[in-house]
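Number of protein chains: 10
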Amino acid sequence: MLFHVKMVVNLPQDMPSEVADDIKTREREYAQALQQRGTWRHLWRIAGSYANVSIFDVEDNAELHEILSGLPLFPYMAISVTPLCRHPSSIRDDDR
Amino acid sequence: MLFHVKMVVNLPQDMPSEVADDIKTREREYAQALQQRGTWRHLWRIAGSYANVSIFDVEDNAELHEILSGLPLFPYMAISVTPLCRHPSSIRDDDR
Amino acid sequence: MLFHVKMVVNLPQDMPSEVADDIKTREREYAQALQQRGTWRHLWRIAGSYANVSIFDVEDNAELHEILSGLPLFPYMAISVTPLCRHPSSIRDDDR
Amino acid sequence: MLFHVKMVVNLPQDMPSEVADDIKTREREYAQALQQRGTWRHLWRIAGSYANVSIFDVEDNAELHEILSGLPLFPYMAISVTPLCRHPSSIRDDDR
Amino acid sequence: MLFHVKMVVNLPQDMPSEVADDIKTREREYAQALQQRGTWRHLWRIAGSYANVSIFDVEDNAELHEILSGLPLFPYMAISVTPLCRHPSSIRDDDR
Amino acid sequence: MLFHVKMVVNLPQDMPSEVADDIKTREREYAQALQQRGTWRHLWRIAGSYANVSIFDVEDNAELHEILSGLPLFPYMAISVTPLCRHPSSIRDDDR
Amino acid sequence: MLFHVKMVVNLPQDMPSEVADDIKTREREYAQALQQRGTWRHLWRIAGSYANVSIFDVEDNAELHEILSGLPLFPYMAISVTPLCRHPSSIRDDDR
Amino acid sequence: MLFHVKMVVNLPQDMPSEVADDIKTREREYAQALQQRGTWRHLWRIAGSYANVSIFDVEDNAELHEILSGLPLFPYMAISVTPLCRHPSSIRDDDR
Amino acid sequence: MLFHVKMVVNLPQDMPSEVADDIKTREREYAQALQQRGTWRHLWRIAGSYANVSIFDVEDNAELHEILSGLPLFPYMAISVTPLCRHPSSIRDDDR
Amino acid sequence: MLFHVKMVVNLPQDMPSEVADDIKTREREYAQALQQRGTWRHLWRIAGSYANVSIFDVEDNAELHEILSGLPLFPYMAISVTPLCRHPSSIRDDDR
């Protein structure tokens, strides 16, 4: 089941750079592990913004929440979630 | 080059159903031809809305505009365009 | 899996009353059948508005979209969907 | 009498974690006591957000305000209240 | 129990004036009967707008909805409802 | 002359509680003195919010500004002002 | 007493031009008579818009409403009213 | 050439009062000098807000920017600029 | 003097195509004549929208309004105007 | 390929002036180097704001993001990006 998720990052401007770097390193590892598992299907940068558009493939809402709330950057992001489903004009049965 | 496009359809409530059906048929053919060519990379329905989220893979802004303004539903849609690029945490060189 | 759905109805002011009445009758039957099946868990009127707040219990996003897009009032409603999950402070394992 | 309440939590990013933990512990106890009494009828997490959707069953507006303003997290939440009533298409006389 | 209600009127610009006049006449009678009963406690015009701010004193949300949805102008108004209660700095026990 | 005023309080989260208490005490005395004089005609709490809806009866815009800008909480409030006048359907000549 | 009023005109696109012309002629006469009397102190066009910014000098809110609701274009305008008063840094006692 | 400028002041709540007082004193002198020269044509307080509506009479956009960016309060204000011109219904050739 | 102007076109969906074509033909001629004169410095299509971003070089606000209000599409566009001036980091004295 | 970029600067009010000056100096050098190369085609100040409107000429979205995210002021700006293309009424084949 697919969800469209937009994440906009707002790190506090007074956060020490080593703290920020640590969070970003853990965020990358977390994101890459989920991509390897096929759960985080797509991950794109929005040009000109510290933000991304992502597609998640999860079992249900609970799994989506567990993943998003576990993001190291979660306390510093504005997240919006949109549930997706197959489009009747899609040429694919399952467009992941 | 990838673009994120959200389209929300607003057909006039007094449009005759045969006119609407004709537009929708042409829209589907148009969308499927572009998907076959690899230009319209992804096409998802937003659950609960007459709207979609799409990913386009085009040469430049001009090609994107030519495609979108040629949609049979173009006069009846609110379209928002977001340019995308590779995310530094992506595990792919080219996440299409 | 639960979804929170808000629906605001906007019937065209020039719709003949017998057309409106027919749509509303079919809407009620549709809504009551889904409530009987346990799919439409809750249905409340927003005081002072021609609008409702509802809780749906569905298998996945696709079932939710199928149900909502099949509503007789669907072409005349602004619908917003919010995916829900269990709250860690809930006293219930499954708060339907 | 039912009210729909949405709460979005914004803890200050520099709040010490033991202070935050203490507030959250008291919040959970407060929420669970009200659920036991039947006043806080439903409590759901919004997937992907530090936010909830709740249904309260109270005597009047004053009781609702007393409950909400007494929440340990009250100073850190954006709260929106919507009064509900029975929907004419509901299959229940009293949908709590 | 008090509610703050704001109503903004939008009559269709092509409504025949005798239809509009009839609705307005019935609206006035309806409003005045409720004022006489003490239910519609206050009714003020917003200067420069075809809109009003009102205070209603009702038993519960259901009575409020019944009154508002029965307004002859109901189909032509944008209505927003805010539940009120006693302010701790009020010099009155019951500020109606 | 009546004005509708909505005030939303936002005290800084790091304000010492004795400072906040002092401001609130002075705010209450200020509000009660103006209510005694008949200038602050109505004062209601918005249920679920640290906010109020008020009706002021003043000579002119200048008196209104003098009163509002003198509120001890003035630097910490978002204030919106709406000028009111008699509604043609009011049963009162002067609905204060 | 001064009020700042912004008016944005939205004539229906299917209004016959002679009807529109008649309304505009009466609007101009109405506006000029009020300017002659000193009530409509200033009247400026917003560059690029069918809209104006005006300053009115009236006795009270009721007079302002009477004037604005009597505008021939009133049913076709979005009007926003802001009460003004003397600024403490003004070099004039009465800046009309 | 006239411009309508709205300025909303947001001084940091932790700014020392002597710093704030110094800025405000310089702001007043700056504003009064420009009023004396006829550049700052009108200056009104918005009732109930720490904000003003002003009319500037300048040679061009560059002069306007130079004046506004030189305001001692400039770093602490939200400023919105609207270009004005003569209204065809104005009774004046030059309504300053 | 430069102005940034954004124009979004909304032709009525029931406008006969020959009427629309005539307006568009006149709009193009009007736009090209102003470009030839150097008044309409830049004209770009917003990709995916029936909208443009333009830069105008005019004597004053009045000339800008005369040009914009004379556009054949003026009654069918939402127009927003932003006054520009030289940026201190520009490498040009006059960036047209 | 052209992009319209709007940047609004929000420097923290407690940033030491020498830090701010250093950032601004580097920002100017960065902006001027890109203007010299022809990548940053236009750069205008928005009158009355600490903000600019710019036109960039880049190979693709990735180059745009690389440039914008490398701006010394990037962490302190709200940036909005709009892809542009040739307008059919433009008198130029390539309006840079």
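Protein chains in written order, with the UniProt record's numbering: chain A, 1 to 96; chain B, 1 to 96; chain C, 1 to 96; chain D, 1 to 96; chain E, 1 to 96; chain F, 1 to 96; chain G, 1 to 96; chain H, 1 to 96; chain I, 1 to 96; chain J, 1 to 96. Idealized CB from N, CA, C, for every residue including glycine. Only a predicted model underlies this, so the values are computations on that prediction, with no experimental measurement involved.
By DSSP's criteria, residue i is part of a beta bridge. Which residues make up the other side?
i	result
Arg86/E	Trp44/F
Asp57/D	Leu2/D
Ala78/H	Val8/H
Ala51/C	Val8/C
Given that residue i touches chain F, what residues does it touch there, using C-beta distances under 9 Å?
i	result
Ala62/G	Met1, Cys85 and Arg86
For residue i, name the three-state secondary structure that DSSP assigns.
i	result
Ser17/H	helix
Ile23/J	helix
Leu71/F	coil
Arg92/C	coil
Val37/H	The sequence shown places Arg at residue 37/H, not Val. Here Arg37/H sits in coil by DSSP.
What does residue i touch in chain J if you count any residue whose Cβ is under 9 Å from its own?
i	result
His65/H	Arg45, Ile46, Ala47, Gly48 and Ser49
Would you mind telling me which residues of chain H sit closer than 9 Å to residue i, beta carbon to beta carbon, in chain order?
i	result
Gln13/J	Pro12, Met15, Pro75 and Tyr76
List the residues of chain A whose Cβ lies closer than 7 Å to the Cβ of residue i, in chain order.
i	result
Val53/C	Within 7 Å Cβ-Cβ: nothing; Val53/C doesn't reach chain A, min ~17 Å.
Arg28/B	Ser89
Just to make sure I have the definition right: I need the residues of chain B whose C-beta is within less than 9 Å of the C-beta of residue i. Which are they?
i	result
Val81/C	Ile46, Ala47, Gly48 and Ser49
So which residues on chain F does residue i lean against when the C-beta distance must stay under 7 Å?
i	result
Val9/D	Correct list: empty, because the minimum Cβ distance to chain F is about 13 Å.
Run through chain B and tell me which residues come within less than 7 Å of residue i, C-beta to C-beta.
i	result
Val5/C	Gly48
Leu34/C	Under the 7 Å cutoff, chain B gives no residues; its nearest Cβ is about 14 Å from Leu34/C.
Along chain J, which residues have their Cβ under 8 Å away from the Cβ of residue i?
i	result
Asp95/I	His42, Leu43 and Trp44
So which residues on chain I does residue i lean against when the C-beta distance must stay under 7 Å?
i	result
Ala31/J	Ser89
Legend entry - At least 3 beta-carbon pairs within less than 8 Å: the stretch 64 to 84 of chain E vs the stretch 17 to 27 of chain F: no
Legend entry - Cβ pair count under 8 Å reaching 3, the stretch 41 to 56 of chain I against the stretch 23 to 32 of chain H: no
Legend entry - Cβ pair count under 8 Å reaching 3, the stretch 52 to 65 of chain I against the stretch 29 to 43 of chain I: yes
Inset, instruction - Count the CB pairs spanning the stretch 74 to 81 of chain D and the stretch 9 to 16 of chain D that are closer than 8 Å, and state whether there are at least three. - result: yes
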